[in-house]
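Student: Structure provided below as structure tokens; questions to follow.
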Amino acid sequence: MTTTTAEQATAPVPPRPDGAKKKRRRVDLRQYGILAALAVIILLFQVLTGGRLLYPGNVSNLIQQNAYVLILAIGMVIVIIAGHIDLSVGSVVATVGAVAALSMNSWGLPWGAAVALSLLVGALIGAWQGFWVAFVGIPAFIVTLAGMLVFRGVALVLLTGGTISGLPRSFNAIGSGTLPSTGTPDLITLGIGALASLALVVQQLKGRADLRRLNLPRERTASFVLKIALAVVAIMYLCYLLAYNRGTPIILIILATLVLLYSFMLSRTVFGRHVYAMGGNLYAAMMSGVKTKWVNFFIFVNMGFLAGLAGVVSTARAGSAVASAGQSFELDAIAAVFIGGAAVQGGVGTVIGAVIGGLVMGVLNQGLSILSVDAAWQQVIKGLVLLLAVAFDVYSKRRTGR
Amino acid sequence: MSEPILEMSGIVKEFNGIRALDGVSVSVQRGEVHAICGENGAGKSTLMKVLSGVYPHGSFDGTITLDGDPVAYGSINDSERDGVVIIHQELALSPYLSIAENIFLGNEVQRGGVIDWNRTNVRAAELLARVGLQENAATKVLELGVGKQQLVEIAKALSKEVKILILDEPTAALNDDDSAHLLGLIEQLRTQGITSIIISHKLKEIRAIADTVTVIRDGRTIESFPVEDSDEIETRIIRDMVGRPLDHQFPPREPSIGEEKFRVEDWTVHHPIDVDRIVVDRASFHVRAGEIVGFAGLMGAGRTELAMSIFGRSYGSGISGRVFKDGREIQTRTVGQAIRNGIAYVTEDRKRYGLNLIGSITVNVSAAALGKLARLGIIDRHREYAVAEEYRRQMNIKTPSVSSVVGNLSGGNQQKVVLSKWIYSGPDVLILDEPTRGIDVGAKYEIYGIINEMAAQGKAVIVISSELPELIGLSDRIYTIAEGKLTGELDRAHASQEDLMRRMTASRIQGAQPS
Chain A
1 MTTTTAEQAT APVPPRPDGA KKKRRRVDLR QYGILAALAV IILLFQVLTG
51 GRLLYPGNVS NLIQQNAYVL ILAIGMVIVI IAGHIDLSVG SVVATVGAVA
101 ALSMNSWGLP WGAAVALSLL VGALIGAWQG FWVAFVGIPA FIVTLAGMLV
151 FRGVALVLLT GGTISGLPRS FNAIGSGTLP STGTPDLITL GIGALASLAL
201 VVQQLKGRAD LRRLNLPRER TASFVLKIAL AVVAIMYLCY LLAYNRGTPI
251 ILIILATLVL LYSFMLSRTV FGRHVYAMGG NLYAAMMSGV KTKWVNFFIF
301 VNMGFLAGLA GVVSTARAGS AVASAGQSFE LDAIAAVFIG GAAVQGGVGT
351 VIGAVIGGLV MGVLNQGLSI LSVDAAWQQV IKGLVLLLAV AFDVYSKRRT
401 GR
Chain B
1 MSEPILEMSG IVKEFNGIRA LDGVSVSVQR GEVHAICGEN GAGKSTLMKV
51 LSGVYPHGSF DGTITLDGDP VAYGSINDSE RDGVVIIHQE LALSPYLSIA
101 ENIFLGNEVQ RGGVIDWNRT NVRAAELLAR VGLQENAATK VLELGVGKQQ
151 LVEIAKALSK EVKILILDEP TAALNDDDSA HLLGLIEQLR TQGITSIIIS
201 HKLKEIRAIA DTVTVIRDGR TIESFPVEDS DEIETRIIRD MVGRPLDHQF
251 PPREPSIGEE KFRVEDWTVH HPIDVDRIVV DRASFHVRAG EIVGFAGLMG
301 AGRTELAMSI FGRSYGSGIS GRVFKDGREI QTRTVGQAIR NGIAYVTEDR
351 KRYGLNLIGS ITVNVSAAAL GKLARLGIID RHREYAVAEE YRRQMNIKTP
401 SVSSVVGNLS GGNQQKVVLS KWIYSGPDVL ILDEPTRGID VGAKYEIYGI
451 INEMAAQGKA VIVISSELPE LIGLSDRIYT IAEGKLTGEL DRAHASQEDL
501 MRRMTASRIQ GAQPS
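These protein sequence lines map, in sequence, to chains A and B. With the UniProt record's numbering, the residue at position 313 of the first sequence is 313, and numbering never jumps. With the UniProt record's numbering, the residue at position 105 of the second sequence is 105, and numbering never jumps.
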């Protein structure tokens, strides 16, 4: 979306024959801004931890440990673009985790069926909340605050306060396992990295060729090449690190799929467009024939589904289900979305931004843990980072007169 | 009547280079009811905002003297301290607070920050008695109808030792009884020495209670004269209000009018909250293919309500009536249904209902017809861009690129984006509500051209406007609407501004009954 670049019309810019190109370039600068913040934080911790942050084992850990934030942030960014909020996802994670564990250990379901059931339960919970928000018209803040209490309670009831462990190993692999490996370095991981890089390059070149064919404005060649080069380096470096650990985490494949799928959905489909339109101006969306109630409903069904997935993943990672699982996950996800550049009043935000925001939170978590910073102080630091990120956003908007 | 209590002279107020007030002068005598009259957009409300300090001293030119002393108000608080109190058209009461709390809001009966509730309630009761409102002062304002809320506003003004009470269209939202009561109250306040300025275009009302009327047109004072209850006065006011010559330029057009395209029968709409109030009363009209039909009505007459209720019931409650297209009855119960049936409604309030201001031109243009650009729910972005680009050229939208954010465009260009969006939706019936509001003359001419082009393509075009020269210049036929009822139907050849204005101000109120 170009919605974050309203300022250009007034900002002094060097004269250029083609205004559109100028605008394109600015959009990218803004996206790089979030990325740059992530890079700075990674570098900072790399130095502070004496290089330990990017140890192969730690990187693998970082991904698996923080997968839940990324999954939830993807759902949450959609909720927030549409102008809502979801406070219940942490509790939903706990409930779904309990359902997954019970269905395998007490009801004897195979792990595949248990996962399917878990996702279904998540989606149903989302439908329940979506019903109240969309069709009854209760603010999402209230509905999901109620959901936060209700589903925490349901988790407690299901687990009767105890813990269910001893889950099947194939299930646990979802959270902590890797794809088969050929040893060290793992050639499969390197192969995946090479394929991903190739796909990226091909897709970017094709997109650019389309733009040229249709004579649409394009990014400058230098920045285009630089961007792709950096992305390829990042992908290959990540794969290199993973290849020297245990291989590709299964969760990374799930995450990559989600990011691609949801980015596409938000930017390319009618549904995604309706979400932005409702966040930008709900009345204008209604007056354009958008079925705002149904869009709201599906936004929450989807959030529930992803919360269910986060429940599966975090239960698998922990290897057990406890009623206290998912505590404050909603806050992590919301923070990730706002760090990633979404606007509090809705209408603005991207999946990529939310994921980068989630990675910022993840790197903070990981780095601070490696430095053995006290958990209490970790919270203080994460809170301040969120505040600064949003303050920066507000400041940059005000400066440009929006 | 000696020295005037209020003298405003040579007031000039500009917005972005457009003169809303161009040297207005008004002189109000002590203890009179002074009516200020003019078409929508003539500058009445702006003038009152200048007077009450909403536009602070320094943001306009000209002088204001009160009781012979020049005044310079920096805010509404300053003017209220001098006893100049304005009651806006949109009432500014806090619905969840009680009547008493509202009356003393910002002016609490207190000692050291602690409110004295007993004295508050006693004084509120006194004030309520003075305005003739029989309600408990502890009643919450949301439980009151609009008429009673209006009285609370006046009580609030009285609590501030008001010298000059300004009422902006006070009866616009009131029923007959409430209007009569309010006008009676204004009479009564006059006997207590309170000067009132009322902005109104209900001529019957002005005849009934005003002592003097000042007519404003295009930001200038036309004349000021004493009012007596006669038809001549009404004629004179109308002439002054519309006296503008038909100097607008309209692109040439050869109307080619075909069969009846669109027909509405017995359309009745009730207010969405005050469900007993009828906002549109059994309206029936038709539009033929290639015809441009104007709807002339003053603000609050029910024209927007009529259009929005037809367009997917976007306004109102208890809607009844039938809609036909090409002779077949169609349903327009939801916006989606209306659009699928080939109806497009271009709103009068583009910022609220028309545009995603933080979105690009591209996403706004495609917003009402995404289905055309998508396959299996996936938008063809290249085609979308091409469509936006096409409309940018066709409509001459002045922008560096179609990726620009709509909020940064000028009013005229924003309007072209809204028009593009609806034209792209491929309507057979195009309803344009104040299509040239707040845009400059050049862009107006372009928009007239676009409207003509739509008619030439055989669409049925409805133009709602309060600018009479515009309606006469554009339309083949004009309906007038007043207080929810269609009060006339005129061919362009027979339509004069005076005649239209007379029908637009036709009123059910047969004069007020001062008590």
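C-beta atoms are modelled at their ideal positions from N, C-alpha and C, and glycine is treated no differently. Remember, it's a predicted structure, so these values are computed and weren't measured experimentally.
1. To the nearest angstrom, how far is it from the Cα of residue 72 (chain A) to the Cα of residue 411 (chain B)?
2. Can you pull the chain B neighbours of residue 276 (chain A), defined as C-beta to C-beta under 8 angstroms?
3. The region 371-393 of chain B: which residues have C-beta closer than 8 angstroms to a C-beta of chain A, in chain order?
4. Taking Cβ-Cβ distances below 7 angstroms as the criterion, which residues of the region 88-104 of chain B are in contact with chain A?
5. Measuring straight from C-alpha to C-alpha, what distance separates residue 180 (chain A) and residue 239 (chain A)?
6. In chain order, what residues of the region 307-339 of chain B put their CB closer than 7 angstroms to some CB of chain A?
7. In chain order, what residues of the region 401-435 of chain B put their CB closer than 7 angstroms to some CB of chain A?
8. Please tell me whether residue 139 (chain B) has its Cβ less than 8 angstroms away from any Cβ of chain D.
9. What are the residues of the region 279-306 of chain A that lie near chain B, defined by any Cβ-Cβ distance shorter than 9 angstroms?
10. Within its chain, find whatever has a CB closer than 8 angstroms to the CB of residue 284 (chain A); leave out the 5 residues flanking it on each side and keep chain order.
11. Tell me, please, which residues DSSP counts as bridged to residue 268 (chain A).
12. How close, in whole Å, do the beta carbons of residue 157 (chain B) and residue 85 (chain B) come, if the pair is a contact with beta carbons under 8 angstroms?
13. If we cut at 8 angstroms on Cβ distances, does residue 517 (chain B) have a partner in chain A?
14. Roughly how many angstroms lie between the CA atoms of residue 110 (chain A) and residue 96 (chain A), to the nearest whole one?
15. Would you mind listing the beta strand (DSSP E) stretches within the region 179-237 of chain B that are 3+ residues and don't spill past its ends, in chain order?
16. By the 10 Å Cβ neighbour count, where 16 or more other Cβ atoms means buried, how is residue 387 (chain A) classified, buried or exposed?
17. Which residues share a DSSP beta bridge with residue 434 (chain B)?
18. Nearest-angstrom Cα distance between residue 128 (chain A) and residue 84 (chain A)?
19. Among B:342, B:74, B:69, whose alpha-carbon lies nearest the alpha-carbon of residue 59 (chain B)?
20. Output, in chain order, the set of chain B residues within a Cβ distance shorter than 7 angstroms of residue 269 (chain A).
21. Contact defined as beta carbons within less than 8 angstroms: I believe residue 345 (chain B) pairs with residue 450 (chain B). What is the distance between those atoms, to the nearest angstrom?
22. Would you decide whether residue 207 (chain A) is buried or exposed? Buried here means 16 or more other CB atoms lie within 10 Å of its CB.
23. Given that residue 353 (chain B) touches chain A, what residues does it touch there, using C-beta distances under 7 angstroms?
24. State the DSSP-derived secondary structure class of residue 61 (chain B), mapped to helix, strand or coil.
25. Evaluate residue 350 (chain B) with the Cβ neighbour count: other Cβ atoms within 10 Å of its Cβ, from every protein chain shown; 16 or more gives buried, anything less gives exposed.
26. Give the secondary structure of residue 257 (chain A) by DSSP, where H, G and I count as helix, E and B as strand, and everything else as coil.
27. Looking at residue 474 (chain B): is its Cβ nearer than 8 angstroms to the Cβ of residue 300 (chain B)?
28. By alpha-carbon positions, which one of B:21, B:39, B:418 ends up nearest to residue 51 (chain B)?
29. Round the Cβ separation of residue 255 (chain B) and residue 476 (chain B) to the nearest angstrom and send it over; I've been treating them as touching at under 8 angstroms.
30. Can you list, in chain order, the stretches of the alpha helix (DSSP H) that have 4 or more residues and sit fully within the region 165-246 of chain A?
31. For a test of the three-state rule: what should DSSP assign to residue 351 (chain A), helix, strand or coil?
32. Closer than 8 angstroms by C-beta to residue 286 (chain A): which residues in its own chain qualify, once you throw out the five before and the five after it? Chain order, please.
33. Sort A:352, A:353, A:351, A:380 by Cα distance to residue 364 (chain A) and report the nearest one.
34. Using 8 angstroms for Cβ pairs, my map puts residue 305 (chain A) next to residue 122 (chain A). What's the rounded Cβ distance?
35. In terms of residues, what are the limits of the beta strand (DSSP E) holding residue 270 (chain B)?
Tutor: Result, derived from the coordinates:
1. 40 angstroms
2. Going along chain B in sequence order, the residues near residue 276 (chain A) (Cβ under 8 angstroms) are 356, 359, 363.
3. 371, 374, 377, 378, 379, 381, 382, 385, 386
4. So the list is empty, because no residue satisfies the distance condition.
5. 14 angstroms
6. 314, 335, 336, 339
7. 401, 403, 404, 405, 407, 408
8. Here chain D cannot be found, since the structure's protein chains are A and B.
9. 279, 280, 281, 283, 284, 285, 286, 287, 288, 289, 290, 291
10. 277
11. Answer by DSSP bridge pairing: none, since residue 268 (chain A) is not bridged.
12. 4 angstroms
13. Residue 517 (chain B) falls outside the range modelled here, since chain B spans only 1 to 515, and no answer is possible.
14. 16 angstroms
15. 195-199, 212-217, 220-226
16. exposed
17. Residue 434 (chain B) pairs with nothing; no bridge assigned.
18. For residue 128 (chain A) and residue 84 (chain A), the distance between alpha carbons rounds to 16 angstroms.
19. B:74
20. 377, 378, 379
21. Not a contact, Cβ separation roughly 16 angstroms.
22. exposed
23. In chain order: 283, 284, 287.
24. strand
25. Counting the other CB atoms within 10 Å of its CB gives residue 350 (chain B) a total of 16 or more, which places it among the buried residues.
26. The answer is helix: DSSP assigns residue 257 (chain A) an H, G or I state.
27. No. Outside cutoff.
28. For the options B:21, B:39, B:418, the alpha carbon positioned closest to that of residue 51 (chain B) is the one of B:21.
29. Contact holds; Cβ gap of about 5 angstroms.
30. 169-176, 187-213, 221-243
31. helix
32. 292
33. A:380
34. Contact holds; Cβ gap of about 5 angstroms.
35. 260-270
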